[in-house]
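Undergrad: All the letters of the sequence shown, read from the start, carry residue numbers 140 to 470 under our numbering.
Beta carbons: idealized from backbone N, C-alpha and C, even for Gly.
Keep in mind the model is a prediction, meaning the values are calculated, not measured.
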Amino acid sequence: MSVLVTGGAGFIGSHTAVVLLDHGEDIVILDNFSNSSPDMLDGIRRITGKDFKFYEGDMRDKALLDRVFTENKIESVIHFAGLKAVGESVEKPLEYYDNNINGTLCILEAMRKYGCKIMIFSSSATVYGNDNPVPFVEGMKTSATNPYGWTKVFIEHILEGVCESDKEFSAVLLRYFNPIGAHKSGLIGEKPNGIPNNIMPYIMKVAAGEYDHLNVFGDDYDTPDGTGVRDYIHVVDLANGHLSALEYARKNKGAEAVNLGTGKGTSVLELVAAVEKASDRKIPYVITARRPGDIAECYADVSKAKRVLNWQAQYDVDDMCADNARWALKQ
Ligand code: NAD
Ligand code: UDP
């Protein structure tokens with residue numbers, strides 16, 4: 140029996156593939172390389188010393204899904220594949236709805252056709268919208284402020300509907316906070332195309348001398364130093380959370396949303412200081428206007444992850460920055 144990892148060549152998928160292989164799981168990866176490259180698959184093989192089946196193609200290609208499900212016994216799906224750039228989703232809503240929602244429907248149809256009843260889904264803290272108080276708790280009302288966020292809200296509802304209609308189905312909706320860091324080996328990590336939207340890859344380009352400074356989006360928030368606060372989580376901790384979710388889903392039916400974060404907030408200036416310490420390089424920055432749509436603070440209540448999945452984050456921000464720098468500064 141195999142675990143199908145959609146988007147397994149991507150940032151979080153590749154780290155999860157390593158955790159699954161190290162744990163003795165058989166995996167099959169499906170990816171169209173729209174935001175990744177074959178090097179990541181080589182990295183997974185080098186780290187684990189194990190091989191796996193790989194299908195290059197789009198999750199909306201039903202004939203390809205038929206091949207994946209007939210050529211392998213797929214027991215469960217860990218579903219990372221999707222587009223994730225918030226700004227781009229505002230410019231290209233139809234592409235985002237088609238890729239993320241239609242793509243997920245194609246996977247779910249294939250799962251129904253071949254009797255596969257476990258899905259671990261990559262949701263996001265973005266589903267808490269901008270009206271809830273921190274820390275974010277799973278029972279809070281969900282909403283979104285952009286098409287990317289809506290794809291996550293809608294897919295969560297779709298999975299709840301599937302579990303309602305099929306009492307044998309298990310879906311764990313993992314709401315990630317801000318993943319950063321990289322595998323300790325320095326062989327896999329985040330490699331965004333173009334100008335990074337997220338802060339860590341941007342800071343790394345400043346550390347590497349590719350950009351001369353970081354723009355800090357606002358220092359007038361109601362936070363200790365005025366800059367935005369986020370719950371950064373090491374991607375390896377996040378990857379371990381998927382194994383815990385899979386083990387949970389094998390024993391429990393129904394849909395369950397679970398936050399994966401550390402529960403601790405770090406400001407932009409604290410993150411800059413941590414990277415400077417970890418990389419021994421100066422990160423010049425300029426305070427600019429707030430980025431439209433940003434909230435002041437975003438961090439998780441992590442008690443459900445501990446209670447339900449028996450999982451909690453192990454790494455702190457210094458570890459995340461050191462591992463991230465090791466990877467990004469050798470690219
Ligand atoms: P990523 O872009 O590195 O990985 C996604 C992978 O999916 C890529 O390898 C891409 O090529 C592949 N893909 C996209 N569309 C596809 C399609 N139609 N068919 C086949 N493959 C396809 O992103 P990531 O950071 O690893 O994120 C993984 C998931 O986690 C995404 O669903 C993302 O929305 C979600 N998420 C990410 C973050 C974050 O900050 N990185 C936060 C919350 C949620
Ligand atoms: N941020 C920043 N400069 C950048 C990118 C991000 O100051 O170039 C800030 C942003 O305002 C937020 C934090 O860094 O407070 C994290 O932003 P990111 O885009 O990484 O994650 P998200 O906003 O999606 O949580």
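In angstroms with no decimal places, state the Cα-to-Cα distance between Ile-372 and Arg-251.
TA: As a working note, residue 372 is residue 233 in the sequence shown. As a working note, residue 251 is residue 112 in the sequence shown. Their Cα atoms are separated by approximately 33 Å.
Undergrad: So, with DSSP's three-state summary, where would you put Arg-314?
TA: On the sequence shown, position 175 is the one that residue 314 refers to. Here Arg-314 sits in strand by DSSP.
Undergrad: Enumerate in chain order the residues of its own chain whose CB-to-CB distance from Glu-395 is below 6 Å, with the five nearest sequence positions on each side excluded.
TA: Here the question's residue 395 lines up with position 256 in the sequence shown. So the list reads Val-311, once near-sequence residues are dropped.
Undergrad: Pull up the distance between the alpha-carbon of Thr-281 and that of Lys-223, whole angstroms please.
TA: Working through the sequence shown from its first residue, we reach residue 281 at position 142. Working through the sequence shown from its first residue, we reach residue 223 at position 84. If I take the Cα positions, the gap works out to 18 Å.
Undergrad: Would you check whether ligand 1 has a heavy atom nearer than 7 Å to the C-beta of Pro-177?
TA: What you label residue 177 is simply residue 38 of the sequence shown in a count that begins at 1. Pro-177: no, Cβ never under 7 Å from ligand 1.
Undergrad: Please state whether DSSP places Val-273 in a helix, a strand or coil.
TA: As a position in the sequence shown, residue 273 is number 134, starting the count at 1. DSSP places Val-273 in coil when its eight states are reduced to three.
Undergrad: Could you tell me the distance, in whole angstroms, from the CA atom of Val-167 to the CA atom of Pro-318?
TA: As a working note, residue 167 is residue 28 in the sequence shown. As a working note, residue 318 is residue 179 in the sequence shown. Their backbone Cα atoms lie some 23 Å apart in a straight line.
Undergrad: Candidates Arg-446, Ala-346, Cys-460: which alpha carbon is nearest Lys-323's?
TA: Position 184 of the sequence shown, counted from the first residue, corresponds to residue 323. If we check each option's Cα against that of Lys-323, Cys-460 comes out closest.
Undergrad: Looking at Thr-145: is its Cβ nearer than 8 Å to the Cβ of Tyr-235?
TA: Here residue 145 refers to the residue found at position 6 of the sequence shown. Here residue 235 refers to the residue found at position 96 of the sequence shown. Against a cut-off of 8 Å, the Cβ pair of Tyr-235 and Thr-145 comes out as no contact.
Undergrad: Look up Ala-378 in the DSSP assignment and say whether it is helix, strand or coil.
TA: Here the question's residue 378 lines up with position 239 in the sequence shown. Ala-378 falls in the helix class under three-state DSSP.
Undergrad: Could you tell me if Thr-427 is buried or exposed, where buried requires 16 or more neighbouring beta carbons within 10 angstroms of its beta carbon?
TA: Residue 427 sits at position 288 when you count from the first residue of the sequence shown. Burial call: exposed.
Undergrad: DSSP has Cys-437 in a bridge; who is on the other side?
TA: Working through the sequence shown from its first residue, we reach residue 437 at position 298. Answer is Arg-369, bridged to Cys-437.
Undergrad: Mapping the DSSP letters down to three states, classify Asp-364 as helix, strand or coil.
TA: Along the sequence shown, read from residue 1 onward, the residue named residue 364 stands at position 225. DSSP places Asp-364 in coil when its eight states are reduced to three.
Undergrad: Considering Cα atoms alone, identify which of Val-441, Glu-295, Gly-404 is closest to Asn-449.
TA: Your numbering for residue 449 matches position 310 in the sequence shown. Cα-wise, what sits closest to Asn-449 is Val-441.
Undergrad: For Asp-457, tell me which candidate among Phe-193, Gly-320, Gly-380 has the shortest Cα-Cα distance.
TA: As a first step, residue 457 must be located in the sequence shown, where it is residue number 318. Residue Gly-320 is the option with its Cα nearest to Asp-457.
Undergrad: In chain order, what residues of the same chain lie with their CB nearer than 7 Å to the CB of Ala-413, ignoring the 5 residues before and after it?
TA: In the sequence shown, residue 413 corresponds to position 274, counting from 1. Within the same chain, Ala-413 has close Cβ partners Val-456, Asp-457, Cys-460.
Undergrad: What's the gap between the Cα of Asp-419 and the Cα of Thr-209?
TA: Numbered from 1 along the sequence shown, position 280 holds the residue referred to as residue 419. Numbered from 1 along the sequence shown, position 70 holds the residue referred to as residue 209. When rounded, the distance between both Cα atoms is 51 Å.
Undergrad: Using the Cα positions of Asp-433 and Ala-467, report the straight-line distance between them to the nearest angstrom.
TA: Position 294 of the sequence shown holds residue 433. Position 328 of the sequence shown holds residue 467. Roughly 26 Å separates the two Cα atoms.
Undergrad: State the DSSP-derived secondary structure class of Met-279, mapped to helix, strand or coil.
TA: Residue 279 sits at position 140 when you count from the first residue of the sequence shown. Met-279: coil per DSSP, three-state reduction.
Undergrad: Do Asp-170 and Ser-141 count as a contact pair if the criterion is CB distance below 8 Å?
TA: Counting from 1 along the sequence shown, the entry for residue 141 is found at position 2. Counting from 1 along the sequence shown, the entry for residue 170 is found at position 31. No, they are not a contact pair.
Undergrad: Between which two residues does the beta strand (DSSP E) holding Val-397 run?
TA: Here residue 397 refers to the residue found at position 258 when the sequence shown is read from its first residue. Where Val-397 is concerned, the enclosing beta strand (DSSP E) stretches over 393-399.
Undergrad: Does the beta-carbon of Gly-254 have 16 or more other beta-carbons within 10 angstroms, so that it is buried, or is it exposed?
TA: For the purposes of this step, residue 254 is taken as the residue at position 115 of the sequence shown. Exposed, by the Cβ-count rule.
Undergrad: In this structure, what does DSSP give as the bridge partners for Pro-165?
TA: Your numbering for residue 165 matches position 26 in the sequence shown. For the sequence presented, residue 165 should be read as Asp rather than Pro. In DSSP, Asp-165 forms a bridge with Ser-141.
Undergrad: Name, in chain order, the residues that DSSP records as bridge partners for Tyr-387.
TA: Counting from one through the sequence shown, the residue named residue 387 turns up at place 248. Looking at the DSSP assignment, Tyr-387 forms no beta bridge with any residue, so it has no partner.
Undergrad: Do Ala-417 and Ala-464 have their CB atoms nearer than 8 Å?
TA: In the sequence shown, residue 417 corresponds to position 278, counting from 1. In the sequence shown, residue 464 corresponds to position 325, counting from 1. For Ala-417 and Ala-464, yes; Cβs fall inside 8 Å.
Undergrad: Taking 7 Å as the cut-off, does the CB of Tyr-438 come closer than this to any heavy atom belonging to ligand 1?
TA: Within the sequence shown, numbered from 1, the residue matching residue 438 stands at position 299. The answer is no for Tyr-438.
Undergrad: Around the C-beta of Leu-298, are 16 or more other C-beta atoms found within 10 angstroms, so that it is buried, or is it exposed?
TA: Along the sequence shown, one-based indexing puts residue 298 at 159. With 16 or more Cβ atoms within 10 Å of its Cβ, Leu-298 is classed as buried.
Undergrad: Taking contact to mean at least 3 C-beta pairs separated by less than 8 Å, is the stretch 148-160 in contact with the stretch 323-342?
TA: Because the criterion of three Cβ pairs below 8 Å is met, the stretch 148-160 and the stretch 323-342 touch.
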